[in-house]
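Respectively, the protein sequence lines represent chains V and H. For the first sequence, numbering that gives the first Met the number 0 begins at 0 and goes up steadily by one. For the second sequence, numbering that gives the first Met the number 0 begins at 0 and goes up steadily by one.
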Amino acid sequence: MQTQIRDKPSFANIHVRLEPGDQIVAEADAMASMSSTIDMKTQWSGGFVKGVLRRIFGGESMFVNTFSTQSGGELVLTQPFPGDIQCIELKGNTMFLQPGAFIACEPGVKLGLGWAGLKMFIAREGLFRLKVSGTGRIWFGAYGGIFQREIDSEYIVDSGHLVAYEPTVAVKIALAGGIFSSFFSGEGLVTRVTGPGKIYMQSRSFDGLAAWTNSHLY
Amino acid sequence: MEQTFSGGVFSDSLDGGRAGAEIELMPSGVGARTPDGEAFVIPYRDCQVEVGGFSGRMVFCRSADRSLTIFCEESKFPKALSFASSGMLDDQLKLGAKQRRSESRRGLLIGTFLTVGFLLLVVGGYFTIRSGARAAVLALPVSIDAQIGDAAMDSMDLGGPEVDDPVVIAALESIVDRLAPTAAVEGIDFRVHVVDSPEVNAFALPGGNMVVYTGLIRDAETAEQMAAVLAHEMSHATLRHGLQRIGQSLGIWAGVSLLIGDLSGLMGAGVDMLQIASVNSYSRAHENEADEEGIRMLYAAEINPAAMADLFQLMKENQAELPGIFSWVSTHPDHASRIANVHDQVAALPPRKYREISVDWPEVKRRINQDDNRENAEVE
């Protein structure tokens, strides 16, 4: 299976070339176009209960589609909002994704839903997060560009910008500065992440977009 | 004894710098084997232990130059590591666990603090706005009550034709006139409407409109008992229960709109609500208040307030035979205490000389029954 992320970074989409025997699992509604030789099978994402939980809490759909082919074909997968797409390869390790970030994965990857905790909710990252583990590539998307950082000591990320992180990364909620500057700098709460581990961040946040849109509605 | 755990490894020599791994506690040190078969070992004496990660329970074993990290989150791992290293790493493990405990304690403390603060804010805000709404309702001019009440009256389905028999109307109006000077609020124009319906009921709208059903007139044995009904209903109007109820039912947003002075929204919503809601469903507290105020008015107007207790008693007895009729005094057990309250209040009043109401009550009742008979005859 050959894949390529095109139109980076604003309107990234995944071009997949499937050979006979290849399979790719994608979020429902991620498919933008495909060859007629590709078969699509829709399944509950990890079973009925998990699928429903993923829908309600994970910001993902209840179903996933598995694409395969008898004779080869092409497939384009995309995400609903403008922004970059990142591919990472799992080798038995685990990643946490913010709700709604997951786009596609290879069949060896396990998709799970985990309780992220109240602190992540306060950090506007959602009460739940997706846990991907196993072996294989996964693709996830973000709003705006994606930048990554290998952290070993402490690093600060504004709330709403964290897209993916490893379980080895500790996340703490903190004020951006003192009480005054935290409220008037527009930064408010930030997340302090401590390594070792890798984090992926998005260059825009949905909260920022929502606040900007609201201010222009009336 | 060798034990394996599932975990992971960070190393620059790995493609991508990381991999999941099977962790093995070997005699020589902490070992990790990736799915691709690469193996790593950190001797116990070189091992730097840290505790952290997202869960705060992950144990990191790092080489002296920190180029290699083996980590595991399994709950049995720290004990096994301590055992396998013959206690060499205990100090570091304890330190990590202690740090974690103090951090989680601090987190819990801050979390509790924030939660309590948030709850206080919500509860405090709710009551501030609610009491603010009540105060705002009472601060509104009485003319608002009349506007809302009149609008509701005009568009309301009263459940029967209005009775215009001059004797009946005059009788009720003379009772209202006798009670009106004792009203707690000035400027309310009390108007009584009689509606032909078997319902044993009466209700008051904000601003002085009152409706009495002929069913209740038929049940009342004396003019004093009817005066008790009217005093109770007039009290709902003077105590402004209707507006308060609108304010409460519309909740916090009505409170806010009242406080910022948006009356037109309140008018519309209030008129709608008075029409939809069952007309006598004031809260129990409001009913008790109206009973109390009604008794005060009757006493002040030199009408024997015992009539209210008599009427309640009478209706309680009558209703036992007529369950389900929408009635002025419900026989619900809750209301037994209401009746007892009225008895107590009446009994506690100092004795005074009461004046009779100069209304020919039997004649009023005869007129009502006559109307009924005439209607029945017309139907036949």
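Heads up, the beta-carbon is just placed ideally off N, CA and C, and yes, glycines get one too.
Verify whether the separation of the beta carbon atoms of residue i and residue j is less than 7 Å.
{"i": "H/F76", "j": "H/F9", "result": "no"}
{"i": "V/G143", "j": "V/G82", "result": "yes"}
{"i": "H/M296", "j": "H/A346", "result": "no"}
{"i": "V/F146", "j": "V/M200", "result": "yes"}
{"i": "V/Q3", "j": "V/H14", "result": "yes"}
{"i": "H/A236", "j": "H/I168", "result": "no"}
{"i": "H/A201", "j": "H/V166", "result": "no"}
{"i": "V/G159", "j": "V/S204", "result": "yes"}
{"i": "H/W360", "j": "H/A222", "result": "yes"}
{"i": "H/A18", "j": "H/G6", "result": "no"}
{"i": "H/S341", "j": "H/A308", "result": "Per the sequence shown, residue 341 of chain H should be read as Val rather than Ser. Yes; because the gap between Cβ atoms is below 7 Å, this pair is in contact."}
{"i": "H/F70", "j": "H/M87", "result": "no"}
{"i": "V/E165", "j": "V/G196", "result": "yes"}
Helix, strand or coil, according to DSSP, for residue i in the structure here?
{"i": "H/A276", "result": "With a pLDDT of 47 at H/A276, under the threshold of 50, the modelled position of this residue cannot be trusted; read the value that follows with caution. H/A276 falls in the coil class under three-state DSSP."}
{"i": "H/Q369", "result": "helix"}
{"i": "V/A173", "result": "strand"}
{"i": "V/D38", "result": "strand"}
{"i": "H/N303", "result": "coil"}
{"i": "V/E88", "result": "strand"}
{"i": "V/H215", "result": "coil"}
{"i": "H/F9", "result": "strand"}
{"i": "V/Q78", "result": "coil"}
{"i": "H/L348", "result": "coil"}
{"i": "H/N200", "result": "coil"}
{"i": "H/M155", "result": "coil"}
{"i": "H/I22", "result": "strand"}
{"i": "V/A100", "result": "coil"}
{"i": "H/F325", "result": "Its pLDDT being 47, under 50, H/F325 is placed unreliably in this model, and the coordinates cannot settle the point."}
{"i": "H/R104", "result": "helix"}
{"i": "H/Q2", "result": "coil"}
{"i": "V/A31", "result": "strand"}
{"i": "H/E161", "result": "strand"}
{"i": "H/R239", "result": "coil"}
Per DSSP, residue i forms a beta bridge with which residues?
{"i": "V/D157", "result": "V/V189"}
{"i": "V/I145", "result": "V/Q201"}
{"i": "H/N340", "result": "Looking at the DSSP assignment, H/N340 forms no beta bridge with any residue, so it has no partner."}
{"i": "V/R128", "result": "V/G113"}
{"i": "H/G51", "result": "H/M57"}
{"i": "H/Q212", "result": "Gln is not the amino acid found at residue 212 of chain H; the sequence shown has Tyr there. According to DSSP, H/Y212 bridges with H/V194."}
{"i": "H/E185", "result": "Per DSSP, none; premise fails for H/E185."}
{"i": "V/L17", "result": "V/G72"}
{"i": "H/P42", "result": "H/G28"}
{"i": "H/T68", "result": "H/F9 and H/R61"}
{"i": "V/M94", "result": "V/V131"}
{"i": "V/Y164", "result": "V/F95 and V/I198"}
{"i": "V/F139", "result": "V/Q85 and V/F101"}
{"i": "V/A25", "result": "V/N64 and V/A103"}
Residue i versus chain V: which residues are under 7 Å apart at the beta carbon?
{"i": "H/A20", "result": "G91"}
{"i": "H/T68", "result": "P195"}
{"i": "H/R17", "result": "N92"}
{"i": "H/F9", "result": "P195"}
Who are the neighbours of residue i on chain V, taking C-beta pairs under 8 Å?
{"i": "H/F76", "result": "Within chain V, no residue comes near H/F76; the closest Cβ sits about 14 Å away, beyond 8 Å."}
{"i": "H/M35", "result": "In the sequence as presented, Met is not what sits at residue 35 of chain H; that position holds Asp. Ordered by position in chain V, the residues that pass the 8 Å Cβ test against H/D35 are K90."}
Alpha carbon to alpha carbon, what distance is there between residue j and residue i?
{"i": "V/D6", "j": "V/S34", "result": "20 Å"}
{"i": "H/N279", "j": "H/A170", "result": "Residue confidence for H/N279 is low, a pLDDT of 45 falling below 50, so the modelled location carries little weight; the figure read from the coordinates is stated next. Going by the C-alpha atoms only, they are around 23 Å apart."}
{"i": "H/M314", "j": "H/D218", "result": "8 Å"}
{"i": "V/I198", "j": "V/G50", "result": "26 Å"}
{"i": "H/R351", "j": "H/A289", "result": "22 Å"}
{"i": "H/E220", "j": "H/E185", "result": "31 Å"}
{"i": "H/A145", "j": "H/D153", "result": "12 Å"}
{"i": "V/M0", "j": "V/G71", "result": "10 Å"}
{"i": "H/T111", "j": "V/A29", "result": "41 Å"}
{"i": "V/T134", "j": "V/V108", "result": "5 Å"}
{"i": "H/E102", "j": "H/S81", "result": "22 Å"}
{"i": "V/Q78", "j": "H/S142", "result": "59 Å"}
{"i": "H/Q369", "j": "H/V363", "result": "10 Å"}
{"i": "V/K171", "j": "H/C60", "result": "22 Å"}
{"i": "H/V211", "j": "V/L52", "result": "57 Å"}
{"i": "V/L216", "j": "V/I121", "result": "26 Å"}
{"i": "V/I137", "j": "H/T127", "result": "52 Å"}
{"i": "H/I324", "j": "H/T213", "result": "In this predicted model, H/I324 has a pLDDT of only 44, less than 50, meaning its place in the structure is not dependable; the value taken from the coordinates is given anyway. About 14 Å."}
Please compile the residues from chain H whose C-beta is within a distance smaller than 7 Å of the C-beta of residue i.
{"i": "V/A169", "result": "G51, G52, F53 and G55"}
{"i": "V/T134", "result": "P34"}
Which residues in chain H have a C-beta closer than 8 Å to the C-beta of residue i? List them in chain order.
{"i": "V/I166", "result": "As written in the sequence, residue 166 of chain V is Pro, which differs from the Ile given in the question. Result: G52, F53, S54, M57 and E72."}
{"i": "V/L117", "result": "G110"}
Under a CB-based cut-off of 7 Å, is residue i close to chain B?
{"i": "H/P304", "result": "The structure shown has no chain B; the protein chains it does contain are V and H."}
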